[in-house]
Each structure stands twice: as structure tokens, then as C-alpha cells.
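Heads up, the final residue of the sequence shown is numbered 384 in UniProt numbering, and it's a clean run with no missing numbers. First up is the structure itself, then whatever we jot down about it.
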Amino acid sequence: MAQQFGKIHPWRRITPWFRGFDGPLAFAVFMLACAGLLTMYSSGYDHGTRFEDHGRNMLLAGFIMFVVAQIPTQRLMALALPLYVLGVTLLIAVAIFGVTKKGARRWLDVGITIQPSEILKIAVPLTLAWWFQKREGQLRPLDFAVAGVLLALPIGLIVRQPDLGTAILVLSAGMSVIFFAGLSWKWILPPVLLGLVGVALVVGFEPQLCADGVRWPVLHDYQQQRICTLLDPSRDPLGKGFHIIQGMIAIGSGGFWGKGFMQGTQTHLEFIPERTTDFIFASFSEEFGLIGNLLLITGFVFLILRGLVIALEAPTLFSRLLAGSLTLIVFTYAFVNMGMVSGIVPVVGVPLPFISYGGTAMVTLGMALGILMSIAKSKRLVQS
């Protein structure tokens, strides 16, 4: 036996680790990663070690994706509740003795500084998918109410920090699980219509609502200022509106073909704030133009559609709900980032997947894609 084992080619021992990997999903990830490295080199080559660090973060995310892809979906389901409890416990710890930076208490010092809210981007959809898997075939309104509580608890703690960007991502992930689980439209339409009416009223009464001295209930002052700046960036063109105005100038100046690689004047003359993080889409648009934007959006659309196909073909309710939710996290990341840079939604500090600099977000993205790969592998193993 030992002699026979010794004759096995090393590649044949490694092959099982890659068996079942979803080729189209891996291709989409690779192409977007290449776009991210290209953009980061142009916008961050003179920004310290941003390009090298971005490459390192991508390698780390790829390693995490590969490792997580080896975890069976049954094991992922067993990890759901412990991960959720850990995440909520750490959020409570942040609220009590967290580290405060720039007026926000989002971090925890445990020897190294961590941001526990990032855990909930994965833990919330995992836990909600686990919950609905346990209730499969006997769903009642009470079950959706319990799911709502499981979602509301971390959202409330994250909003309190405050961290609206992460709260939006966790909320979208959780709501997508609840929606895919079969939430009735009669519960979905009223809040959606109410939200649209609220947006229309804010837009219609913007001069009165955003006048000096007017304070909105519930929202923090900086959140109110972001909404007012979105509605009229010219109110404070050198202050709160500077980000949006410069982002739109960069996008518009790119034209159809763009100014060319490393030729963006708004970027390299440093008119674009946060050009390697939140506003990197403006740098990309300036250099690669409308055609580059369409190709980038096509890459995201392909990845999202492939993720939804994996969700549709998944063998269990748990894996279907989880795959659909994680796919929509990528959609939310991309939509919110491009929207805030383009002046469509308020600036909330959400990075553009694969493109923006940021180690924590890259690790979270690697975990999400690894879970998608694991679900795709489980479907192939069932078929074989």
C-alpha cells in the first residue's frame, strides 16, 4: 500500500481540492481582480504602499476563498449560530469599551484592532438561512418575526456606533434571505411605498428641510448633512459637497473612451478625495471612460448572475438562501459605491468590490465568494 501510495503523482493529491470549483465564477473574480490591480496602480502608485498592500490583500482574500470553499455546507450551517452570537457579543463589547476614532466607536482592541461589524456581514445571512432551513415546510408569520428580531439586533448595534454603510450591507443581506424565504408581498410593498413617499417629500421640501438651524429627528447631524449635500452639492462646494462635485467632474471628463491609463488629471492632481478607497470609481471613470465603466459593470453583472444561478441550483434551502444573500451583498456593495460617487445616493463609506483599497472588506468578500464556491461544489457532489 505504501509503495502504491508513493506512486501517486503530487498533482493528483491536490486535484480534489479544486474539484467542483465553479469556473465562470472564478473567471469573473479573476477579471475583476485584474481591473482592481490596474486601477489601484494608477490611482495609488504614488500613495505610499497602497498598490503593494492591495495586491497582498487580494492574495489573502484569494487564500481565504480557497480555504472556505473546502468547508462543506453542513459544517457552514453548524457554524451559523456560534458565529452570530460571537458577532453580537463583540458588538456589545464595542458599545461598552470600544475604540473611538473620528467620532465613531466601531473598533475593539484585543491585542489587534478589529471591527466586529464586519463579522455580521457573513454571520447574519448564515444565521437567517439556518433558521429558515430549520423551519422548512412549516413557516408561519411568527417565524418571519423571529427572523426580523435576529436581523434587527445587530443592525441596531451597528447604527448606534454609528456605521451606516455597514448597517446597509448587513440589512440588505438579511432582508434578501427573508425575501427569498417567501415573505409575502403584502408585507414588502407598504414599507417600500412609504419609503418612496418619504424620499419624494424630502426632495420636494429640500429648501425648508435643509435650511440652517433645522434638525431632523433620529438622524445624526452628519447624516442629515450628507442627505442635504446629495440633494444640492453646491450648498457647500468646498466642504461637504466637494467629494460629490469632484467625483462627478472626474466621471464626466472621462468621456466615452477615457483619458487613458495614468492620464487622469482629477486623480493625479489630487482633486478626488479618497481616490484609492471610497471614490476610486471616479478615478476609474476618468481614465477608462464610459466604455470602461460598461465593461466593469458587465463584470459585476456577470458575477451576480452567476451567483444567482448557483443559488437556484443549490441542493438545500439553506444553501439556496445563503447563496442568494451573499450574491446580493456584492450587488449592494457595487450599487451603493457607484451610486454615491455618481451623486445618486448619499456618501456612506462603502468600498467598490475588488477595486477599492481595504483589507477588512477584501477578507469579507473572500469569505463570501468562498461560501459561494462551497455551495457550487456541493451541488456538483450531489449530482455525481
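For each residue, glycine too, the CB sits at the ideal point set by N, CA and C.
Determine the DSSP secondary structure at residue i, reduced to helix, strand or coil.
i       : result
Trp-216 : coil
Arg-275 : coil
Val-348 : coil
Leu-25  : helix
Thr-113 : strand
Gln-3   : Any reading at Gln-3 needs caution, since the residue's pLDDT is 45, under 50, leaving its predicted position unreliable; the model's value is listed next. Of the three classes helix, strand and coil, the one that applies to Gln-3 here is helix, per DSSP.
Glu-287 : helix
His-47  : coil
Ala-181 : coil
Glu-270 : coil
Ile-71  : coil
Lys-377 : helix
Phe-256 : coil
Pro-162 : coil
Leu-238 : coil
Pro-353 : coil
Cys-210 : coil
Gly-87  : helix
Ala-311 : helix
Phe-137 : It is worth fixing the name first, because residue 137 is Gly in this sequence and not Phe. Gly-137: coil per DSSP, three-state reduction.
Gly-358 : coil
Shortest alpha-carbon distance to residue i belongs to which of the options?
i       : options                            : result
Val-88  : Ser-253, Ala-35, Ala-61, Thr-127   : Thr-127
Thr-39  : Ser-319, Leu-209, Gly-292, Pro-273 : Gly-292
Ala-181 : Phe-97, Ala-167, Ala-323           : Ala-323
Gly-307 : Ala-200, Gly-289, Phe-132, Leu-372 : Leu-372
Gln-208 : Leu-231, Ile-310, Gln-74, Leu-193  : Leu-231
Ser-285 : Val-309, Asn-337, Phe-318          : Asn-337
Gly-174 : Met-77, Asp-163, Gly-148           : Gly-148
Can you pull the DSSP bridge partners for residue i?
i       : result
Ala-104 : Lys-101
Just checking my contact of residue i with residue j at CB under 8 Å: how many whole Å lie between their CB atoms?
i       : j       : result
Val-170 : Val-124 : 5 Å
Ser-356 : Thr-267 : About 14 Å separates the two Cβ atoms, so there is no contact after all.
Ala-93  : Leu-108 : 6 Å
Leu-91  : Leu-157 : 4 Å
Leu-328 : Ser-184 : That belief does not hold up - the Cβ atoms of Leu-328 and Ser-184 are roughly 19 Å apart, past 8 Å.
Gln-161 : Arg-106 : 5 Å
Gly-343 : Ile-244 : 5 Å
Leu-32  : Gly-299 : 5 Å
Phe-281 : Gln-246 : About 12 Å separates the two Cβ atoms, so there is no contact after all.
Met-58  : Leu-369 : About 12 Å separates the two Cβ atoms, so there is no contact after all.
Would you call residue i buried or exposed, if buried means 16 or more other Cβ atoms sit within 10 Å of its Cβ?
i       : result
Gln-4   : No answer about Gln-4 holds up, because its pLDDT of 48 lies below 50 and its placement is not dependable.
Lys-186 : exposed
Ser-378 : buried
Thr-49  : exposed
Val-330 : buried
Phe-261 : exposed
Ile-112 : exposed
Thr-364 : buried
Trp-257 : exposed
Tyr-222 : exposed
Ala-2   : Residue placement at Ala-2 is flagged as unreliable, the pLDDT there being 44, under the threshold of 50; a coordinate-derived value is accordingly withheld.
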